[in-house]
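Colleague: Structure provided below as C-alpha cells; questions to follow.
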Amino acid sequence: MMRPTRKHGSRRSRASLEDKLFKYSVMGIAALVLALLWSLVVKLVFDAQTSIETFGIDFLTSTIWDPNRDLYTALPFIFGTLMTSAVAIVIGVPISIGIAIYLSELAPAWIREPLSFLIELLAAVPSVIYGLWAIYTLRPVLTGSVEPFLMDALGWTPFFEGAAFGIDKLASGIILAVMIIPTVASVSKESMMAVPDSQREAALSLGATKYESTRMAVLSYARSGIFGATILGLGRAVGETMAVTMTIGNANIISWSLLDPGQTMASVIANNWGEADGLMLSSLIEIGVVLFIVALLINVCARLMVGRVMKAVPMTGGGL
Amino acid sequence: MEGKIVTERLNAFFGEVHAVKNINMSIPANAITAIIGPSGCGKSTLIRCLNRMHEVVRGARAAGKVYLDGEDIYDPETDPVEVRRKVGMVFQKPNPFPTMSIYDNVVAGQRLNGEKDWKKLDETVERSLKLAALWDEVKDHLDASGVSISGGQQQRLCIARALAVEPEVLLLDEPCSALDPIATAKIEDLLFDLKDKYTIAIVTHNMQQAARIADFTAFMYMGELIEFGETKKLFENPVEELTEKYITGRFG
Numbered sequence: 001m002m003r004p005t006r007k008h009g010s011r012r013s014r015a016s017l018e019d020k021l022f023k024y025s026v027m028g029i030a031a032l033v034l035a036l037l038w039s040l041v042v043k044l045v046f047d048a049q050t051s052i053e054t055f056g057i058d059f060l061t062s063t064i065w066d067p068n069r070d071l072y073t074a075l076p077f078i079f080g081t082l083m084t085s086a087v088a089i090v091i092g093v094p095i096s097i098g099i100a101i102y103l104s105e106l107a108p109a110w111i112r113e114p115l116s117f118l119i120e121l122l123a124a125v126p127s128v129i130y131g132l133w134a135i136y137t138l139r140p141v142l143t144g145s146v147e148p149f150l151m152d153a154l155g156w157t158p159f160f161e162g163a164a165f166g167i168d169k170l171a172s173g174i175i176l177a178v179m180i181i182p183t184v185a186s187v188s189k190e191s192m193m194a195v196p197d198s199q200r201e202a203a204l205s206l207g208a209t210k211y212e213s214t215r216m217a218v219l220s221y222a223r224s225g226i227f228g229a230t231i232l233g234l235g236r237a238v239g240e241t242m243a244v245t246m247t248i249g250n251a252n253i254i255s256w257s258l259l260d261p262g263q264t265m266a267s268v269i270a271n272n273w274g275e276a277d278g279l280m281l282s283s284l285i286e287i288g289v290v291l292f293i294v295a296l297l298i299n300v301c302a303r304l305m306v307g308r309v310m311k312a313v314p315m316t317g318g319g320l
Numbered sequence: 321m322e323g324k325i326v327t328e329r330l331n332a333f334f335g336e337v338h339a340v341k342n343i344n345m346s347i348p349a350n351a352i353t354a355i356i357g358p359s360g361c362g363k364s365t366l367i368r369c370l371n372r373m374h375e376v377v378r379g380a381r382a383a384g385k386v387y388l389d390g391e392d393i394y395d396p397e398t399d400p401v402e403v404r405r406k407v408g409m410v411f412q413k414p415n416p417f418p419t420m421s422i423y424d425n426v427v428a429g430q431r432l433n434g435e436k437d438w439k440k441l442d443e444t445v446e447r448s449l450k451l452a453a454l455w456d457e458v459k460d461h462l463d464a465s466g467v468s469i470s471g472g473q474q475q476r477l478c479i480a481r482a483l484a485v486e487p488e489v490l491l492l493d494e495p496c497s498a499l500d501p502i503a504t505a506k507i508e509d510l511l512f513d514l515k516d517k518y519t520i521a522i523v524t525h526n527m528q529q530a531a532r533i534a535d536f537t538a539f540m541y542m543g544e545l546i547e548f549g550e551t552k553k554l555f556e557n558p559v560e561e562l563t564e565k566y567i568t569g570r571f572g
C-alpha cells in the first residue's frame, strides 16, 4: 500500500541533494591537503631547478659553500644532520627505553598515568624554548664540567677534540635527545604494554627475575615497536630546526669533533634564507628537497615498522 | 599421606575478592592430581599459588602456608624465583616466545641459569623435546620460530620448555583448553608417561580428562575445596552431595 506522495518525494530528493552537497564540499576540503602537498613538492623542485642543473650530483658530495664564488654544495649540512641525529639517538634512545620499561613494567597505575601524561606534554614544548634552555641551562653545564671531562677521558678519539665552548654539535645532539625522548618513550611504552601477560608469565614461571623476564619476554616481543619508535625519533631529530640553529654554532664545516660547531640541513636554511637570492636561494631550496625526502622516507619506514601501535602519533618533522 | 606439596589454610585474594578459601590439601609425589570445578571456582588461582605465580597479578595476594618438601614457599626468606625453578608451569594458552626458535625456547630457562655449554644445551633440547613427545616432529627444523608450529605442538613445546629446567613439580593450568581432541590425547599420554619422574597437578574443566589421567582428584566450588581423594572413589562414590551433583552434570 505504498503511495508515494509528492510531498514525500520532494523531501527525499531535497535530502539527497543536501547530502550530496555536503559530501562533495567536505571532500573538497579534504582534497585541499592533497593540493597543498602537491604544490609544496612542485614548488620546491621547481625552485631548486637552477641549483640542480648547476651543481648536479656534486651538490651531495662536495663540501664547498662559498657565496663569493657563487658555489654551493650540501655535504657539510648532510654531515651535520647525520652527526647531531646520531648523538640524539645514542643518548635519547636508551633513556627513552628506560622510561618506557619503568612505566610499562614497574610503575603502579597511579604513577604511570600522570607520568605518561607529563612525558607526552614534553613533546608540546615549543622548540624555541628548548633552544633557550640549552643556551642558558645546558651550556654552562657543558662548558663547566661535561666537555672538559670528555676531552680528558676521550680526547684521544677524533670526536672530542677542540675547546669546551658549549655551542657545538654535542649541545645540539643533547637538546635533540631531549626532544625525541617524549616520542620514543611513549611509543616504546605502548608497544611494551601491548605484550601479552602470558609472555611475562612464561618467563617468570621458568624462574626468571623481573629483570630477566623484561629482557626475555617484553623487550624481544616489543622490539619492532621499539625500533620503529627509534626511527620515529630519528625523523624528528633530522627535521628539527629552531633548537639546533640556536645551539650548533652555524659553521659550514665538516669536523668529526662533537665539540666543534657545525650546521645541519635545517639550520642552514633557517640561517640563510633571509639574505639569499638567485643561485644561493635555489641551493637552499634544494637542501630543503633533500631534507624533505629524507624525513619522508624515515617517517614512512617508522610507520611501517610500528604499525598499529602508533596510530595516534602524528608524523614528526620537527619545525620552528 | 605426606605429600610433595602440602597447603595449610591457604587463602588467595584479588583485591577484595576472596578467590581461594582456607585450602588444606596434600599433593602426592609421582602422581597426577587433578583439580576440577565450575568456572570461577578458584581452581586456577589455587594452582598458581603453588609456585607463587598468583602474586604476579596486580593486586593479588595469598596468605597461609604451602610446603614443598616440608619447606614453606611463602616464608619471607624464600625467594619466589627459586620456587619457580623447582615448580614449573604450563598455561592455558600456549605461550612460546615468538621471537625465539624452537631450540631457544626449550633452553630459555637453562640460559637464565647461565648455561652456555652448547653440548649440554643440545642434550637438554633433545631430552626435553623427547619427554614432551615432540622431538620426532620438530627435530629437523629446530631453527624455526616457536610459533611456526601447530597449537598442540606449541603446547608440547611449552611443556618441554618447563621440563628443560628439571623441575620437581609440573603444574598445568587447563593445558588442553585451546587444543583439539587429538592434540589433547597426545598431551594426556605424555602426562601419563611423565608422572614416574614428576609430581603433576593439573587444573581442568573437563571431568572426563580428570577421570582418564588423574590418580587423585580435588573438587572445588566457590573457592572452597569440597572433596579430595582418589579419582576412582571421587567419581564413583563421592562423599559430598555437591560433588555428586557436579559430576553427574546437575550444575556447573
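Protein chains in written order, with our numbering: chain E, 1 to 320; chain Z, 321 to 572.
Just so you know, even glycine gets a beta-carbon here, dropped at the ideal spot from N, CA and C.
#1: Is the beta carbon of E435 (chain Z) less than 9 Å from the beta carbon of V427 (chain Z)?
#2: What did DSSP end up calling A217 (chain E) once you bin it into helix, strand or coil?
#3: Examine chain E for any beta-carbon lying closer than 9 Å to the beta-carbon of C478 (chain Z), and answer yes or no.
#4: So, do the stretch 538 to 547 of chain Z and the stretch 349 to 363 of chain Z have three or more beta carbon pairs nearer to each other than 8 Å?
#5: Have a look at Z:I343, Z:K506, Z:V337, Z:N342 and flag the residue whose alpha-carbon is nearest the alpha-carbon of G266 (chain Z).
#6: For E508 (chain Z), does the three-state DSSP call read helix, strand or coil?
#7: Checking 9 Å against the spacing of the C-beta atoms, do A498 (chain Z) and Q412 (chain Z) come in under that value?
#8: Go to A354 (chain Z), then tell me how far its beta strand (DSSP E) extends in each direction, as first and last residue.
#9: Our contact map puts A164 (chain E) next to T143 (chain E) with C-beta atoms below 8 Å; I'd like the distance itself, whole angstroms only.
#10: What does a CB cutoff of less than 6 Å around G131 (chain E) pick up in its chain, not counting 5 residues either side in sequence?
#11: Can you tell me whether A153 (chain E) is helix, strand or coil according to DSSP?
#12: Would you say I343 (chain Z) and R372 (chain Z) are within 9 Å of each other, going by their C-beta atoms?
#13: Please tell me whether L75 (chain E) and T63 (chain E) are closer than 9 Å, where the distance is taken between their beta carbons.
#14: Indicate the three-state DSSP secondary structure (helix, strand or coil) for I269 (chain E) in the structure shown.
#15: In chain Z, which residues lie less than 9 Å from Y221 (chain E) when you measure between Cβ atoms?
#16: Output, in chain order, the set of chain Z residues within a Cβ distance shorter than 9 Å of A194 (chain E).
#17: Cβ closer than 7 Å: which chain E residues qualify as neighbours of A428 (chain Z)?
#18: On the DSSP letters alone, give me the boundaries of the beta strand (DSSP E) that R329 (chain Z) sits inside.
#19: Helix, strand or coil for Y541 (chain Z) per DSSP?
#20: Name the one or two DSSP bridge partners that D395 (chain Z) has.
#21: Tell me, please, whether the stretch 87 to 103 of chain E touches the stretch 183 to 197 of chain E by the rule of three or more beta-carbon pairs shorter than 8 Å.
#22: If you reduce the DSSP assignment to three classes, tell me which class H338 (chain Z) lands in.
#23: Just verifying my parser: in three-state terms, what is the DSSP assignment at R381 (chain Z)?
#24: Quick one: which chain Z residues come within Cβ less than 9 Å of T230 (chain E)?
#25: Between the beta-carbon of P416 (chain Z) and the beta-carbon of L477 (chain Z), is there less than 9 Å?
#26: Distance cutoff 9 Å, beta carbons only. Does S282 (chain E) sit that close to anything in chain A?
Modeller: Quick look at the numbers:
#1: One-based indexing of the second sequence puts residue 435 (chain Z) at position 115. One-based indexing of the second sequence puts residue 427 (chain Z) at position 107. Contact flag set, yes.
#2: Taking the first residue of the first sequence as position 1, residue 217 (chain E) is located at position 217. Looking at A217 (chain E) - three-state DSSP - the assignment turns out to be helix.
#3: For this step, residue 478 (chain Z) is matched to residue 158 along the second sequence. Yes, its Cβ sits closer than 9 Å to a Cβ of chain E.
#4: yes
#5: Past the edges of chain Z, shown from 321 to 572, lies residue 266 (chain Z), and the structure says nothing about it.
#6: Position 188 of the second sequence holds residue 508 (chain Z). In this structure, E508 (chain Z) counts as helix in the three-state DSSP scheme.
#7: Reading the second sequence from its first residue, position 178 is the one you call residue 498 (chain Z). Reading the second sequence from its first residue, position 92 is the one you call residue 412 (chain Z). Against a cut-off of 9 Å, the Cβ pair of Q412 (chain Z) and A498 (chain Z) comes out as a contact.
#8: The residue labelled residue 354 (chain Z) in the question sits at position 34 within the second sequence. Element bounds for A354 (chain Z): 352 to 356.
#9: As a first step, residue 164 (chain E) is located in the first sequence; it is residue number 164 there, counting from the start. As a first step, residue 143 (chain E) is located in the first sequence; it is residue number 143 there, counting from the start. At roughly 5 Å, the Cβ-Cβ gap stays under 8 Å, so A164 (chain E) and T143 (chain E) are in contact.
#10: To locate residue 131 (chain E), count along the first sequence from 1; it is residue 131. Answer for G131 (chain E): M242, A243, M246, listed in chain order.
#11: By 1-based counting over the first sequence, the position of residue 153 (chain E) is 153. A153 (chain E) falls in the helix class under three-state DSSP.
#12: Numbered from its first residue, the second sequence carries residue 343 (chain Z) at position 23. Numbered from its first residue, the second sequence carries residue 372 (chain Z) at position 52. For I343 (chain Z) and R372 (chain Z), no; Cβs fall outside 9 Å.
#13: Position 75 of the first sequence, counted from the start, is the residue given in the question as residue 75 (chain E). Position 63 of the first sequence, counted from the start, is the residue given in the question as residue 63 (chain E). In contact: L75 (chain E) and T63 (chain E) (Cβ atoms closer than 9 Å).
#14: Within the first sequence, residue 269 (chain E) is the residue found at index 269, counting from 1. Here I269 (chain E) sits in helix by DSSP.
#15: As a first step, residue 221 (chain E) is located in the first sequence; it is residue number 221 there, counting from the start. Ordered by position in chain Z, the residues that pass the 9 Å Cβ test against Y221 (chain E) are F417, P418, T419.
#16: One-based indexing of the first sequence puts residue 194 (chain E) at position 194. Near A194 (chain E) there are no residues of chain Z at all, since even the closest Cβ is about 13 Å away, more than 9 Å.
#17: Taking the first residue of the second sequence as 1, we reach residue 428 (chain Z) at position 108. Those within 7 Å of A428 (chain Z) in chain E are L206, M216.
#18: Your numbering for residue 329 (chain Z) matches position 9 in the second sequence. Counting along the chain, the beta strand (DSSP E) containing R329 (chain Z) begins and ends at 325 to 334.
#19: Position 221 of the second sequence, counted from the start, is the residue given in the question as residue 541 (chain Z). Looking at Y541 (chain Z) - three-state DSSP - the assignment turns out to be strand.
#20: Here residue 395 (chain Z) refers to the residue found at position 75 of the second sequence. BP columns for D395 (chain Z) are empty, so no partner.
#21: yes
#22: In the second sequence, counting from the first residue as 1, residue 338 (chain Z) sits at position 18. It is a strand residue.
#23: The residue labelled residue 381 (chain Z) in the question sits at position 61 within the second sequence. DSSP places R381 (chain Z) in strand when its eight states are reduced to three.
#24: On the first sequence, position 230 is the one that residue 230 (chain E) refers to. Per Cβ cutoff of 9 Å: no residues; T230 (chain E) is ~17 Å from chain Z at best.
#25: As a working mapping, residue 416 (chain Z) is identified with position 96 in the second sequence. As a working mapping, residue 477 (chain Z) is identified with position 157 in the second sequence. Contact: yes.
#26: Among the chains of the structure shown, chain A does not appear; the protein chains present are E and Z.
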